[in-house]
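What follows is a single structure, written as structure tokens, with notes after it.
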Amino acid sequence: MSITTRSSTTARTDDTATDAAAPVRPYQSYVYAYPHKTAYRPLRPRPALGELWAGEDQRALSLYLHIPFCEVRCGFCNLFTRIGAPDGLTTAYLDALERQAGAVRAALDGGARFATAAFGGGTPTFLTAAELTRLCDIAELRMGADLRAVPLSVEASPATATADRLAVLAERGATRLSLGVQSFVDAEARAAVRPQRRADVEAALGRVRAAGIPVLNIDLIYGIDGQTASSWRQSLDAALAWRPEELYLYPLYVRPLTGLGRQGTAGPAADARWDEQRLRLYRQGRDHLLGQGYEQVSMRMFRRADAPGTGGDDYACQTDGMVGLGCGARSYTSSVHYSFDYAVDMRQIRAIVDDYVARPAEEFARAEVGHRMSGDEPRRRHLLQSLLQAEGASPAEYRARFGTDATADFAAELARFAARGWLDEPAAPDRLRLSPEGLAHSDALGPELFSPAVRAAMADYDLK
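When you number the sequence shown by the working numbering, it's gap-free, plus one each residue, and the end is 1783.
In structure tokens:
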């Protein structure tokens, strides 16, 4: 891959109140959480978790357990994960995870309830079947999450989606298995530095279906070097043959310190051509899935119209807290988002993992790095996370939470979005929604809602 784009960890420092008619790069930053970890800084003094969670509504929390191990690292990946694990490291990691769970549980009040749970990474199924059993035990016995009663989503790779691992997850209540396929075309997988064969992917999908986990999600990527409309359609149809309940279509990003990012950069003209290619492939994929009976949930997510529900409707990402366990996990309270140190470089990640597994229990009782959600940050996060969903934002819910109107608080931003054709017109009176083109430009729209402080912190972050 010889094409690159600006890093997802690099924020715009220019004036966001630019002319609405000016060209806008559609792929600037994948905003799946706000603010990004590159806006986090060491918290001094380190606040006690009990203080951070005191007074928080804990009736519908989300529980996330992070496993920072993969069998290989894909060329596009900037997630917090390391390749492989020396003998004893996964056991030591689970030991530390259990110590952390004890400290975190003690910081929550006795009425804390988890409405949803997820295992991510990395690759959670890098763990053996016995280790996955222990992971579930930590979630249930240490944290008090009833995995069979709440939605449980687990990420997997084709190579690690083995029958024994899947059997453990199915028995412990997994309702959703997300398989990172990325492409069914072997040459494209190699171009993305993802060594896999289609035959192995198909075999893994067969094992997932045989395990009986209710919801299968397949991840696909568009914008890979050498990918064409024809080869993209080939991957889409190969995925559709399994009738997955969900499909995620991701644009390829090439970020600093990743495998693809180390292969060099191209000039602005090539970036513009790549933008056009990704937009074409996105629209092709979107239209194809809509024609096959899928509903668009966000720019990336498509759900089969007749897919079974997985519950968890009482959790709202805009308002409810998240408890993250593991050295790559985030936690959210209403006033502070916190985690451990973040890195992309493999040596830095190994050092952070080694530090995590060596920590005594008392070291997990305080937050280490994070971002204080002060000023208008909660308003920005609420609008951003609502607006990037196809169903849009509820002005009434926003007003009930903040006592102000979103259209007044973000008049300049919304005016720009409307001028670009990114807002649904005519909008429903009770919803503020993006148009199809607005959804297509989610990765440009989201960053325009970042606060100046967050943009400055992200721009000042030293990549490591």
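Glycine is no exception: its CB is placed at the ideal position from the N, C-alpha and C atoms. Values in this document were obtained by computation on a predicted structure and should not be read as measured data.
According to the DSSP secondary-structure assignment, Cys1389 is paired through a beta bridge with Ile1402.
Going by beta carbons, Met1777 and Ala1358 fall inside the 8 Å limit. Leu1644 places its beta carbon 8 Å or farther from that of Gln1377. Residue pairing of Ala1367 in beta bridges, as defined by DSSP: Arg1685. For Ser1550, the enclosing alpha helix (DSSP H) stretches over residues Ala1548 to Leu1559. The three-state reading of DSSP puts His1690 in strand, counting E and B together. Taking each of Ile1402, Ala1557, Asp1673 and Ser1549 in turn and checking the Cα distance to Ala1522, the smallest one comes out for Ala1557. Annotation: the continuous beta strand (DSSP E) that includes Ser1497 extends over Arg1495 to Gln1501. Contact between the segment 1387-1402 and the segment 1362-1375 is absent, with fewer than three C-beta pairs closer than 8 Å. Under the DSSP assignment, Asp1673 falls in the alpha helix (DSSP H) whose first and last residues are Met1665 to Val1676.
For Gln1611, the three-state secondary structure derived from DSSP is coil. In this structure, the CA atom of Ala1775 is about 35 Å from the CA atom of Asp1633. By the beta-carbon neighbour count (other beta carbons within 10 angstroms, threshold 16), Gly1499 is buried. A straight line joining the alpha-carbon of Pro1514 with that of Asp1538 spans about 16 Å. In the three-state reduction of the DSSP assignment, Gly1604 falls in the helix class, which pools H, G and I. Pro1563 sits in coil when the DSSP states are folded into three classes, being neither helix nor strand. With a beta-carbon spacing of about 5 Å, Leu1768 and Arg1699 fall inside the 8 Å limit used to define contacts. With respect to Leu1751, Trp1741 sits apart: the two C-beta atoms are not nearer than 8 Å.
The C-beta of Met1665 has fewer than 16 other C-beta atoms within 10 Å across all chains shown, which makes the residue exposed.
Secondary structure at Ala1712: strand, using DSSP grouped into helix, strand and coil. A Cβ-Cβ contact shorter than 8 Å links Leu1471 with Thr1494. For Ala1478, the closest C-alpha among the options His1656, Trp1593, Arg1392 and Leu1608 is that of Arg1392.
Straight across, the Cα-Cα distance linking Val1504 with Tyr1613 is about 23 Å. For Glu1507, there is no enclosing beta strand (DSSP E); the residue is part of the alpha helix (DSSP H) that begins and ends at Asp1505 to Ala1510. Only residues of its own chain outside the window of five on either side were considered, and among them Pro1354, Ala1358, Tyr1359 and His1656 have a CB closer than 6 Å to the CB of His1690, listed in chain order.
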